[in-house]
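>
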Amino acid sequence: MSAPIVLARDLGEWEAWLAAHPGEREGVWLKIAKKGKGATSVTLSDALDGALAFGWIDSIRKSCDERYYLQKYSPRRTRSSWSRINVDRVLTLDAAGRMRPEGLAEVARAKADGRWDGAYESQAKATVPPDLQAALSADARAAAGFEALGKTGRYAVILELAKARSPQRRETLLRRAVERLAEDTRG
6 MSAPIVLARD LGEWEAWLAA HPGEREGVWL KIAKKGKGAT SVTLSDALDG ALAFGWIDSI
66 RKSCDERYYL QKYSPRRTRS SWSRINVDRV LTLDAAGRMR PEGLAEVARA KADGRWDGAY
126 ESQAKATVPP DLQAALSADA RAAAGFEALG KTGRYAVILE LAKARSPQRR ETLLRRAVER
186 LAEDTRG
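The sequence shown begins at 6 in the working numbering and counts up one residue at a time.
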């Protein structure tokens, strides 16, 4: 079954849809109006807040037509990573009394298994973690490979480590990243 396409004209309609479809495993494609195209919909920011309040998460975006694009929302999967941006948004929503029981349950699960405290930073705020910095300092070729990457490539390395679910997995990913970076400079 594929996800339905929904148009919500405002946050109230979006939240009503979310409340009526708690078990929509495939998620939903929400139509978001393009600016200056004469269309109306819930804003992207409000749509994300509504989704987070109900324990859902945004993912991919794709084109729809000249007036709308589609943003995918779906119930958060077991053990899905949290971004620091979404943690901060949820804290704001909770302080405003806007979190729903489903959303609070997702937060409780994330706090219980460490995903909440382990939320990853956005690309704009990400820094090289100490273990990666130490590994790069110990391998000049890997350091050169890392520096040769663009900002997005460096973030991809950092993000992969940040999303590791155990210290052992992180060590494995770190070792592989350093090997890959060193190989990329052999050219």
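Glycine included, every Cβ here is placed at the ideal spot set by N, Cα and C.
Does the beta-carbon distance from Ser186 to Asp144 come in below 9 Å?
Position check: residue 186 holds Leu in this sequence, whereas Ser was assumed. Cβ distance < 9 Å, so Leu186 and Asp144 count as in contact.
> Using only alpha-carbon positions, find the residue among Leu23, Asp189, Glu18 and Pro134 that is nearest to Arg105.
Leu23
> So is Glu111 buried or exposed if we call it buried at 16+ other beta carbons inside 10 Å?
buried
> What ranges does the beta strand (DSSP E) occupy inside the region 17-98, keeping only unbroken runs of at least 3 residues that lie completely in it?
33-38, 61-68 and 73-80
> Just to confirm, are Arg30 and Ser85 a CB contact at a threshold of 9 Å?
no
> Does the separation of the CB atoms of Gly55 and Trp87 fall below 9 Å?
Gly55 places its beta carbon 9 Å or farther from that of Trp87.
> Just how far apart, CA to CA, sit Gly150 and Gly17?
49 Å
> Taking the continuous alpha helix (DSSP H) assigned at Thr157, which residues delimit it?
Lys156 to Ala167
> Can you tell me which of the three DSSP states Val133 falls into?
Shown here, Val133 sits in coil according to DSSP, grouped into three states, outside any helix or strand.
> Please classify Gly60 as buried or exposed, where buried requires at least 16 other C-beta atoms within 10 Å of its C-beta.
buried
> Since Leu12 is in the alpha helix (DSSP H), which residue starts that stretch and which ends it?
Premise fails: Leu12 is in no alpha helix (DSSP H) and is neither H nor E.
> Just curious, the alpha helix (DSSP H) that Glu152 is in, first and last residue?
Ala145 to Ala153
> Taking just the CA atoms, how far does Ala113 sit from Ala131?
25 Å
> Round the Cβ separation of Arg66 and Gly43 to the nearest angstrom and send it over; I've been treating them as touching at under 8 Å.
Wrong, their Cβ atoms sit about 20 Å apart, outside the cutoff.
> Over what stretch of residues does the alpha helix (DSSP H) that includes Ala117 continue unbroken?
Pro106 to Asp118
> So Tyr125 packs on Leu98, CB below 8 Å; how close in whole Å?
Not confirmed; about 19 Å, so no contact.
> Does the beta-carbon distance from Leu35 to Gln76 come in below 9 Å?
yes
> Could you tell me the alpha carbon to alpha carbon distance between Lys116 and Asp122, rounded to whole angstroms?
7 Å
> What residues in its chain sit with their C-beta under 6 Å from that of Thr48, if we drop five residues either side in the sequence?
none
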